[in-house]
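Using the working numbering, you'd call the opening residue of the sequence shown number 585 and step up by one each time.
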Amino acid sequence: MTRVLIRPAREADLEAMSAITATSYHEVDARTFHRSRADPEIRPPARNSKWIDRTRHTLTTDPEGCWIAEIDGRVVGGAISRVRELMWIPASFAVTPECRGQGIGNQLLAAAMHHGRGCLRGMFAASADPGAVRRYRLAGFTLHPQMFLTGVVDRDAIPVVERVREGSASDVDLLNSIDRQTRGAAHLSDHEVLLDQFRLIVCERNSGSAYAYVDEAGSPHLVAATSRRTATDVMWEALASSPPGETVSVRHITAANEWAVDVGMAARMSLHQSGYLCLRGMQPPTPYLHHGSLL
585 MTRVLIRPAR EADLEAMSAI TATSYHEVDA RTFHRSRADP EIRPPARNSK
635 WIDRTRHTLT TDPEGCWIAE IDGRVVGGAI SRVRELMWIP ASFAVTPECR
685 GQGIGNQLLA AAMHHGRGCL RGMFAASADP GAVRRYRLAG FTLHPQMFLT
735 GVVDRDAIPV VERVREGSAS DVDLLNSIDR QTRGAAHLSD HEVLLDQFRL
785 IVCERNSGSA YAYVDEAGSP HLVAATSRRT ATDVMWEALA SSPPGETVSV
835 RHITAANEWA VDVGMAARMS LHQSGYLCLR GMQPPTPYLH HGSLL
């Protein structure tokens, strides 16, 4: 019988873990969602580099939440998770295809969940893989189907948005305050990683505040707000920054965030379904579009 070793993850495991997660079903980009699980999209090098940087950060902040499955010295799976205030957040979870169905995933999940044993809430994004979804439900998570928008933004539909500005590291206290009001826990040091990887835009008004992290294509990767109006405005600002003719994606939209669907419809983007937001001890955050791994 093959002996599986579940051990703490190390920085030396990052390349092996990135290779395993790079072709996982939940890593397929929204623009290539039509590919089959047998022919997944390989994570592009630039995106892979960002995954490694995020995971290295988590190894530093939450070593007790990061675990590796090893067989005969070969990495065959891993679970990366973090605790932010009173929220447990699994960031990556994957097992190589040939090792699935052997209980390795359950062992990794149990090790990672021990890290979050004192947390009141849990939150993570999951693929639609039936086996994984069953495992998360049995672990006590509620499953909330996610949607995503994709397409070229109709430039004529973009409204004039006021009082949205460029953000910086000096805004982190504001960002953490918005986080606590929307998802019940601040991102804390995760904002350092997000600031390094994305453009930050911020909206501050008497009626509410909002922020969004946006990539070079104009796709928002995290939107948090204290009102739907400010959430809508920063999403429009993000879409407006997309180069003409560029395909934009807005992922991780739950039914609680129909305001985002309305923006996408107005921008002439198409709507699709993809995976689940898994929650424990909380309702779907709103107005909020989470980041895929930093949540």
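Quick reminder that beta carbons are idealized off the backbone N, C-alpha and C, glycines included.
Source: prediction; values computed, not measured.
Nearest to residue i (by Cα), restricted to the options the options
i, options, result
"residue 818", "848, 829 and 840", "848"
"residue 650", "807, 596 and 842", "596"
"residue 872", "803, 683 and 796", "796"
"residue 646", "807, 636, 594 and 667", "667"
"residue 770", "659, 657, 670 and 587", "670"
"residue 881", "714, 644, 688 and 600", "Outside the displayed range of the chain (585 to 879) lies residue 881, so it cannot be described from this structure."
"residue 673", "693, 598 and 760", "693"
"residue 679", "767, 716, 722 and 735", "716"
"residue 756", "790, 722, 744 and 808", "808"
"residue 559", "704, 879 and 632", "Absent from the structure is residue 559, since the part of the chain shown begins at 585 and ends at 879."
"residue 800", "631, 711, 675 and 605", "631"
"residue 727", "657, 685 and 711", "711"
"residue 845", "758, 762 and 735", "735"
"residue 568", "657, 820 and 636", "What the structure shows of the chain is the stretch from 585 to 879, and residue 568 is not part of that stretch, so it cannot be assessed."
Residue i and residue j closer than 9 Å at C-beta
i, j, result
"residue 764", "residue 792", "no"
"residue 777", "residue 638", "yes"
"residue 862", "residue 706", "yes"
"residue 719", "residue 690", "yes"
"residue 602", "residue 709", "no"
"residue 866", "residue 721", "no"
Residue i, buried or exposed, once every other Cβ within 10 Å from all chains shown has been counted against 16
i, result
"residue 869", "buried"
"residue 754", "exposed"
"residue 852", "exposed"
"residue 839", "exposed"
"residue 804", "buried"
"residue 744", "exposed"
Close beta carbons around residue i, own chain, < 7 Å, minus the five adjacent residues each side
i, result
"residue 622", "A caution first: residue 622 carries a pLDDT of 37, below 50, which makes its placement in the model unreliable, though a value can still be read off. No residues qualify anywhere along the chain."
"residue 816", "843 and 847"
"residue 648", "699"
"residue 741", "850, 851 and 852"
"residue 779", "753"
"residue 841", "870, 871, 872 and 873"
"residue 643", "593, 595 and 650"
"residue 617", "Low confidence applies to residue 617: its pLDDT is 30, below 50, so where it sits in the model is not reliable enough to give any reading."
"residue 636", "598 and 602"
Own chain partners of residue i with C-beta closer than 6 Å, once the 5 adjacent residues on each side are dropped
i, result
"residue 724", "864"
"residue 695", "590 and 651"
"residue 781", "634"
"residue 659", "597, 600 and 652"
"residue 677", "663"
"residue 875", "805 and 806"
"residue 794", "787, 809, 814, 815 and 818"
Residues near residue i by beta carbon distance below 8 Å, same chain, minus five either side
i, result
"residue 802", "737, 822, 823, 824, 825, 826, 827, 830 and 832"
"residue 655", "586, 587, 588, 589 and 683"
"residue 641", "773, 774, 776 and 777"
"residue 604", "659, 660, 661, 662, 678, 679 and 680"
"residue 685", "715"
"residue 675", "638, 639, 642, 664, 665, 666, 708, 877, 878 and 879"
"residue 762", "793, 794, 795, 808, 809 and 810"
"residue 657", "none"
"residue 758", "786, 788, 793 and 795"
9 Å Cβ cutoff, residue i in contact with chain C
i, result
"residue 713", "Reference to chain C is not applicable here, since this structure consists of a single protein chain."
Would you call the region 737 to 755 and the region 782 to 791 touching, i.e. three or more CB-CB distances under 8 Å? yes
For the region 829 to 838 against the region 687 to 703, are there 3 or more C-beta pairs whose distance is under 8 Å? With a cut-off of 8 Å, the region 687 to 703 and the region 829 to 838 do not count as touching, because too few Cβ pairs lie within range.
Pairs of beta-carbons, one from the region 854 to 864 and one from the region 726 to 741, closer than 8 Å: are there three or more? Segments in contact, yes.
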